[in-house]
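J.: Sharing a structure below in structure tokens format, with a few things to ask.
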Amino acid sequence: MTTVYAAFDFPAAPPERRDRIRGIFTAPGRLLQARTVEEVPAIVEAAEAAARAGHWVIGGLRYHAGAWDRAQKAHNPSVPALFEVFDEAPQDWPTSTCPAPALDWRASHEAASAAAAINTVLERIRSGACYQVNLTQRWRAVRPLDWSLFDYFSALHVAQPGGYGLCWSAGGVASISPELFFHREGDHLVTEPMKGTASADADPEVLRTSAKDRAENLMIVDLLRNDLSRICRPGTVRVDRLFELQRLPTVWQLTSTVVGDVAAATSLADIFAALFPCGSVTGAPKIAAMAVIAELEDSPRGWYCGALGVIRPGGTATFNVPIRTVEAHETQLVCGIGSGIVADSRPEAELAEWELKTRFLGGRPVRALETMRIEDGQVGFIEDHLARLQRTCAAWGLELDPAAVRARLEAACPATGAHRLRLVAGDGEPLIEVTSAPQLNQPVRLRLAREPLDLTWLAPVITHKTTHRAHYDRLRAQGGADVFDVICHARGLLTEATIGNLAVRLDGRWYTPRDEGNLLNGVRRARLVADGTLIERRLPLHALDDADEVAFISTLRGWCPATVVR
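Start counting the sequence shown at 3; every next residue gets the next number (my numbering).
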């Protein structure tokens with residue numbers, strides 16, 4: 003099996019992304035390492051010299067490397083700059099078929115403490131100390147045994163291609179960042195700040211016209227224009243593109259392009275000294291924002307928000323801003339997520355944006371999911387299922403051929419008997435699995451989930467049925483082997499079960515938790531609400547104790563009398 007020491011897939015001539023350079027290195031190179039921030043400029047110069055001598059160079063600067071400018075403040079726990087000089091040309095990229103492992107990513111902060119930090123930033127903005135701060139936090143997962151950095155990177159990259167992807171063993175990092183920090187070719191310099199985020203299921207025009215997001219983007223554009231003016235020839239700095247929409251697999255982003263021309267003698271170290279770290283991951287004014295970041299963030303950013311890139315033989319250099327980036331440590335994996343806080347930011351909206359940005363960690367591309375019941379060759383509620391499938395694909399930006407899916411369903415249906423059909427569709431061939439179906443309307447045992455679903459994080463993903471189900475799987479596993487499913491709850495209210503919906507009978511009438519963007523509206527539930535069998539209502543947790551009866555509802559299993567186990 004080939005050992006991969008580094009792999010990259012970058013646009014050849016940013017900001018255009020169609021033509022790409024990509025390859026892997028299968029032999030280790032020579033490391034250039036800055037042990038202190040004072041050594042960073044010399045190491046950058048050595049890396050550039052190696053490239054001009056004909057070598058390929060991979061590497062970059064961790065976020066705290068900017069502290070060679072004494073005015074900048076940052077946590078400083080590790081090597082600030084590292085590069086690897088390769089003697090051989092990159093080889094063709096191999097095909098990796100290993101799926102990303104299902105990792106239990108956990109935020110290292112409580113929602114309340116994160117909201118408090120955001121409120122502190124808002125206080126600093128109101129006091130005039132700064133006018134934007136890019137606040138971030140860390141998500142962590144246990145590093146599995148026999149875990150491969152390159153296989154994990156490949157799975158992430160397959161799901162979300164097209165950006166500035168880099169995997170580097172010596173750096174212990176896998177980055178699928180969509181954001182360009184800078185591209186230098188000859189005397190031309192290109193930057194592409196990315197500020198402004200919306201869910202993939204949102205109307206992109208709302209993002210493009212959002213006063214808050216445009217203001218946030220424009221602040222960073224102005225900051226980068228100022229940074230570029232420090233090293234570019236007078237009159238050459240300009241904004242080529244402003245407020246462009248860029249679609250990623252899980253989000254929409256608002257980007258702009260700022261360019262300029264430098265003197266031929268301008269070195270890579272000069273460029274880093276003027277621009278690093280990128281203003282899109284600090285805020286503005288940069289020095290003041292970095293001071294707030296150093297105060298409020300309780301762990302180092304590491305490669306996250308620094309710079310990772312490729313220097314080609316001859317000196318052409320392309321560096322990303324390492325967002326959507328995972329660092330591998332001995333026993334754990336770490337990912338940073340954050341957003342730009344401005345005067346009219348709301349903590350709950352920023353926290354929701356953070357959760358939105360964690361979607362990339364799943365590795366496998368999100369696809370639409372439907373589970374149906376077949377009776378003697380007929381799919382129950384087929385039109386309802388197909389309509390919901392189309393809504394899910396539209397919301398997540400997944401391509402779907404409804405006619406082809408219908409034809410595949412009809413061909414897969416056994417002519418006799420009761421069967422369960424699981425359909426995965428959107429962006430690729432539909433996957434259909436047919437197994438025997440459980441009996442309808444059988445009693446089940448349920449248990450209230452031990453912990454609530456945090457809708458601050460999950461609201462953007464919970465209302466569509468997709469393969470993104472880690473939050474459900476974790477709660478169901480905690481329920482124990484003595485129950486069929488667990489009852490989810492959030493903010494003191496009952497919501498649903500992990501694989502079906504919930505109903506309770508109170509004072510002779512059947513109620514189901516109200517759909518407020520806090521649950522998945524099942525096909526059978528929707529039918530029962532429409533015909534008046536079920537009434538939507540907010541149901542506190544004690545409704546389980548007050549209820550005369552409880553039921554579990556799903557298309558596959560029907561209406562199942564439920565016993566709630568304590």
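Every residue, glycine too, gets a C-beta built ideally from N, C-alpha and C.
1) In the DSSP assignment, find the beta strand (DSSP E) that holds residue 88 and state where it starts and stops.
2) Note down the Cα distance separating residue 84 from residue 33, rounded to an integer number of angstroms.
3) To which residues of the same chain is residue 99 closer than 7 Å at the C-beta, ignoring the five residues directly before and after it?
4) Over the uninterrupted beta strand (DSSP E) stretch that includes residue 390, give me the two end residues.
5) What residue from 324, 501, 398 and 165 has the CA that sits closest to residue 20's CA?
6) Suppose the cutoff is 7 Å on Cβ atoms and the five residues either side in sequence are ignored; what does the same chain contact list for residue 477 look like?
7) Do you know how far the Cα of residue 233 is from the Cα of residue 192?
8) Report buried or exposed for residue 557, applying the criterion of at least 16 other Cβ atoms within 10 angstroms of its Cβ.
9) Span of the alpha helix (DSSP H) holding residue 225?
10) Run through the DSSP bridge pairs and tell me what residue 372 is partnered with.
11) Would you call residue 121 buried or exposed, if buried means 16 or more other Cβ atoms sit within 10 Å of its Cβ?
12) Distance, Cα to Cα, residue 22 vs residue 526?
13) So which of 146, 370 and 152 has the shortest CA-CA distance to residue 4?
14) Does DSSP put residue 20 in a helix, a strand or coil?
15) So, is residue 444 buried or exposed, given that buried needs 16 or more other C-beta atoms within 10 angstroms?
16) I'd like to know if residue 406 contacts chain B, where contact means its C-beta is closer than 9 Å to some C-beta of that chain.
17) Quick check on DSSP: helix, strand or coil for residue 548?
18) Check whether the region 222–236 and the region 268–277 are in contact - that is, three or more C-beta pairs closer than 8 Å.
19) Mind reading off the beta-carbon distance from residue 179 to residue 140? Whole number of angstroms is fine, and I expect it under 8 Å.
20) In whole angstroms, what separates the C-alpha of residue 137 from that of residue 547?
21) Rank 148, 376 and 449 by C-alpha distance to the C-alpha of residue 425 and give the top, closest one.
22) Tell me the DSSP secondary structure of residue 9 in three-state form.
23) Quick one: does the C-beta of residue 108 sit closer than 8 Å to a heavy atom of the ligand SAM?
24) Let me make sure I understand the geometry here. Which of 416, 538 and 512 has the alpha-carbon closest to that of residue 520?
25) Return the chain-ordered list of same chain residues with a C-beta closer than 7 Å to the C-beta of residue 290, the five sequence neighbours on each side being excluded.
26) Entirely within the region 240–286 and at least 3 residues each: give me those beta strand (DSSP E) ranges in chain order.
27) Near residue 560, which residues of its chain fall below 7 Å by C-beta distance, leaving aside the five closest residues on each side in sequence?
28) Can you tell me the Cα-Cα spacing of residue 409 and residue 437, whole angstroms?
29) For residue 339 and residue 532, what's the separation of their Cα atoms in angstroms?
30) Should the region 214–233 be called in touch with the region 296–306, which here means at least 3 C-beta pairs below 8 Å?
31) Rounded to the nearest angstrom, what separates residue 522 and residue 467 at their Cα positions?
32) Would you mind sorting residue 374 into buried or exposed? The rule is 16 or more other CB atoms within 10 Å of its CB.
33) In the DSSP assignment, what are the bridge partners of residue 478?
34) Please state whether DSSP places residue 553 in a helix, a strand or coil.
35) Do you know whose CA, among 246, 92, 62 and 352, lies nearest residue 25's CA?
36) Hey, how far is the Cα of residue 196 from the Cα of residue 187?
T.: The structure says:
1) Its beta strand (DSSP E) spans residues 83–88.
2) C-alpha separation (whole angstroms): 7 Å.
3) Any reading at residue 99 needs caution, since the residue's pLDDT is 48, under 50, leaving its predicted position unreliable; the model's value is listed next. Scanning its chain for C-beta atoms nearer than 7 Å, with the 5 sequence neighbours on each side dropped, one finds no residue around residue 99.
4) Note, residue 390: premise wrong, no beta strand (DSSP E); alpha helix (DSSP H) at 384–398.
5) Of the candidates 324, 501, 398 and 165, the one whose C-alpha sits nearest the C-alpha of residue 20 is 165.
6) 451, 488, 490 and 500.
7) A direct Cα-to-Cα measurement between residue 192 and residue 233 gives close to 13 Å.
8) By the C-beta density criterion, residue 557 is buried, having at least 16 other C-beta atoms within 10 angstroms.
9) Residue 225: member of the alpha helix (DSSP H) spanning 213–231, first to last residue.
10) For residue 372, which the question treats as bridged, DSSP gives the partners 425.
11) Under this definition residue 121 is an exposed residue.
12) About 48 Å.
13) Taking each of 146, 370 and 152 in turn and checking the Cα distance to residue 4, the smallest one comes out for 152.
14) Residue 20: coil per DSSP, three-state reduction.
15) Here residue 444 is exposed, its C-beta having fewer than 16 other C-beta atoms within 10 Å.
16) Here there is only one protein chain, and chain B is not present.
17) The three-state secondary structure of residue 548, taken from DSSP, is helix.
18) The answer is yes - the region 268–277 touches the region 222–236, with three or more Cβ pairs under 8 Å.
19) The C-beta distance from residue 179 to residue 140 rounds to 17 Å, too long to meet the 8 Å contact threshold.
20) Between the alpha carbons of residue 137 and residue 547 lies a distance of about 42 Å.
21) Checked all of 148, 376 and 449; the closest Cα to residue 425 is 376.
22) Three-state result, residue 9: strand.
23) This structure does not include the ligand SAM; it has no bound ligands of any sort.
24) Each of 416, 538 and 512 was checked against the Cα of residue 520, and the nearest Cα belongs to 538.
25) Non-local beta-carbon contacts of residue 290 in its own chain, meaning distances under 7 Å to residues more than five positions away in sequence, involve 131 and 132 in chain order.
26) If only uninterrupted beta strand (DSSP E) runs of at least 3 residues are considered, those enclosed by the region 240–286 are 240–249 and 253–263.
27) Cβ neighbours of residue 560 within its own chain (closer than 7 Å, five residues either side excluded): 442 and 443.
28) Between residue 409 and residue 437, the alpha-carbon positions lie close to 19 Å from each other.
29) The straight-line gap from Cα to Cα measures roughly 40 Å.
30) Taking 8 Å as the limit for Cβ pairs, the verdict is that the region 296–306 does not touch the region 214–233.
31) Roughly 7 Å separates the two Cα atoms.
32) Under this definition residue 374 is a buried residue.
33) Residue 478 is not bridged to any residue.
34) Residue 553 carries a strand assignment under DSSP once its states are collapsed to helix, strand and coil.
35) Checking every option, the nearest Cα to that of residue 25 belongs to 92.
36) Approximately 21 Å between the Cα atoms of the pair.
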